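Peer 1: Mapping the sequence shown onto numbering that gives the first Met the number 0, position 47 (from 1) lands on 46, and the numbers just tick up by one. For each residue, glycine too, the CB sits at the ideal point set by N, CA and C. Predicted model only: the values in this text are computed from it and were never measured. Below are the structure tokens for one structure; questions will follow.
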Amino acid sequence: MAETKKTSLKLHFIAIGGKVMHNLALAMSDKWHKVTGSDDEIYEPSFSRLDAAGILPAKMGWYTDNITEDLDYVILGMHAKADNPELLRAQELGLRIMSFPEFIYEQSKDKQRIVIAGSHGKTTTSAMIAHALESCDKDFDYVVGAQLPGFDRMVKLTDAPIIIIEGDEYLSSAIDRRPKMLLYKATTAVITGIAWDHINV
């Protein structure tokens, strides 16, 4: 079902400046959702993109006033620590807190989810699948970890029936130790290869 202003959500992104986080925030703002965010530092190109969309935080830092009872979701980025004041306030209020992989699944659970995982070549494989779908005139969304040639952003979330997701093995957030790739609940999984990699996680 297409989302409109009448069904808009109120979302707050803790650590909105991250690569995927700011792209996800932009995608949700494009869908007429009310988006706010916070971070202690935001670099380019995140800064300019958020500013152009009117969702750049007014000031840097973490402020509990950002967390209000009427928020539908609080989306937690990897940069935020478990003792983040905004996170603690959201927990105190009993708000729905999700890592960005959980939220992406929530927004795409009715789609065919093609998840690309593996030690090497995830972004390249994602780009190849996107090219193939484009060549077949298929409508699709995507979540990738790097800017792909020919695509303006790293996240696209519409009403398309298919989504390509680059799924890595890093922890989902400071309060969720599960690998991101598992949270997408793939309907189709592509494993590029397995190697002894990232032993720190």
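Could you tell me the boundaries of the beta strand (DSSP E) in which F12 lies?
Peer 2: Position 13 of the sequence shown, counted from the start, is the residue given in the question as residue 12. Unbroken beta strand (DSSP E) run through F12: K9 to I13.
Peer 1: Which residue comes first and which comes last in the alpha helix (DSSP H) that contains A51?
Peer 2: Counted from its first residue, the sequence shown places residue 51 at position 52. Segment S45 to A51, the alpha helix (DSSP H) holding A51.
Peer 1: Determine, using beta carbons only, whether A188 and A116 come nearer to each other than 8 Å.
Peer 2: Position 189 of the sequence shown, counting from 1, holds the residue named residue 188. Position 117 of the sequence shown, counting from 1, holds the residue named residue 116. Yes, the Cβ-Cβ distance between A188 and A116 is below 8 Å.
Peer 1: Between K9 and E168, what straight-line distance do the alpha-carbon atoms span, to the nearest angstrom?
Peer 2: Reading the sequence shown from its first residue, position 10 is the one you call residue 9. Reading the sequence shown from its first residue, position 169 is the one you call residue 168. Roughly 29 Å separates the two Cα atoms.
Peer 1: Please state whether DSSP places Y104 in a helix, a strand or coil.
Peer 2: Reading the sequence shown from its first residue, position 105 is the one you call residue 104. Residue state, collapsed to three classes: helix.
Peer 1: Cutting at 6 Å between CB atoms, please list the residues of its own chain near N94, excluding the five before and the five after it.
Peer 2: Residue numbering aside, residue 94 sits at position 95 when the sequence shown is read from its first letter. Note that residue 94 corresponds to Leu in the displayed sequence, not to Asn. If we look at L94 and ignore the five residues flanking it on each side, its Cβ neighbours are L70 and V73.
Peer 1: Near V34, what residues of its chain come up, given a Cβ to Cβ distance below 6 Å and the 5 sequence neighbours on each side ignored?
Peer 2: Reading the sequence shown from its first residue, position 35 is the one you call residue 34. Cβ neighbours of V34 beyond the five flanking positions: L10, A24, M27, S28 and I54.
Peer 1: Quick test of your reading: L86 and E68, contact by CB under 8 Å. State the CB separation rounded to the nearest angstrom.
Peer 2: Taking the sequence shown and counting its residues from 1, the one referred to as residue 86 is at position 87. Taking the sequence shown and counting its residues from 1, the one referred to as residue 68 is at position 69. Not confirmed; about 15 Å, so no contact.
Peer 1: For S134 and G166, what's the separation of their Cα atoms in angstroms?
Peer 2: Here the question's residue 134 lines up with position 135 in the sequence shown. Here the question's residue 166 lines up with position 167 in the sequence shown. Going by the C-alpha atoms only, they are around 23 Å apart.
Peer 1: Apply the 10 Å Cβ neighbour rule to H119 and answer buried if 16 or more other Cβ atoms are within range, or exposed otherwise.
Peer 2: Here residue 119 refers to the residue found at position 120 of the sequence shown. Under this definition H119 is an exposed residue.
Peer 1: Starting from M97, follow its DSSP beta bridges and name the residues at the other end.
Peer 2: Taking the sequence shown and counting its residues from 1, the one referred to as residue 97 is at position 98. DSSP output for M97 lists I74 as bridge partner(s).
Peer 1: Can you say whether M59 is buried or exposed, counting buried as having 16 or more other CB atoms within 10 angstroms of its CB?
Peer 2: Against the sequence shown, residue 59 aligns to sequence position 60. Answer is exposed; the Cβ neighbour count stays below 16.
Peer 1: Express the C-alpha separation of W195 and S7 in angstroms, rounding to a whole number.
Peer 2: For the purposes of this step, residue 7 is identified with residue 8 of the sequence shown, where counting begins at 1. For the purposes of this step, residue 195 is identified with residue 196 of the sequence shown, where counting begins at 1. Straight-line Cα distance between these residues: approximately 43 Å.
Peer 1: When burial is assigned at 16 or more other CB atoms within 10 Å of the CB, is Y42 buried or exposed?
Peer 2: In the sequence shown, counting from the first residue as 1, residue 42 sits at position 43. Classification of Y42: exposed, given that the 10 Å Cβ count is below 16.
Peer 1: Residues in the same chain with beta-carbon distance under 8 Å from I193, minus the five sequence neighbours each way, listed in chain order, please.
Peer 2: For the purposes of this step, residue 193 is taken as the residue at position 194 of the sequence shown. Cβ within range, chain order: G117 and S118.
Peer 1: Quick check on F99: buried or exposed, where buried means 16 or more other Cβ atoms within 10 Å of its Cβ?
Peer 2: By one-based count along the sequence shown, residue 99 stands at place 100. Buried, since its Cβ has 16 or more Cβ neighbours within 10 Å.
Peer 1: How is L156 classed by DSSP in three states: helix, strand or coil?
Peer 2: Taking the first residue of the sequence shown as position 1, residue 156 is located at position 157. Looking at L156 - three-state DSSP - the assignment turns out to be coil, as it is neither helix nor strand.
Peer 1: Does the distance from the CB of M153 to the CB of K18 come in under 8 Å?
Peer 2: As a first step, residue 153 must be located in the sequence shown, where it is residue number 154. As a first step, residue 18 must be located in the sequence shown, where it is residue number 19. Yes.
Peer 1: Whole angstroms is fine: what's the gap from D64's alpha carbon to T191's?
Peer 2: Here residue 64 refers to the residue found at position 65 when the sequence shown is read from its first residue. Here residue 191 refers to the residue found at position 192 when the sequence shown is read from its first residue. Approximately 44 Å between the Cα atoms of the pair.
Peer 1: Would you kindly work out how many angstroms separate the C-alpha atoms of L161 and L75, rounded to a whole number?
Peer 2: For the purposes of this step, residue 161 is taken as the residue at position 162 of the sequence shown. For the purposes of this step, residue 75 is taken as the residue at position 76 of the sequence shown. Residue identity differs from the one stated: residue 161 is Ile in this sequence, not Leu. Going by the C-alpha atoms only, they are around 25 Å apart.
Peer 1: I need the straight-line Cα distance from A52 to N22, nearest angstrom please.
Peer 2: Start at 1 with the first residue of the sequence shown, and residue 52 comes out as number 53. Start at 1 with the first residue of the sequence shown, and residue 22 comes out as number 23. Going from the Cα of A52 to the Cα of N22 covers about 11 Å.
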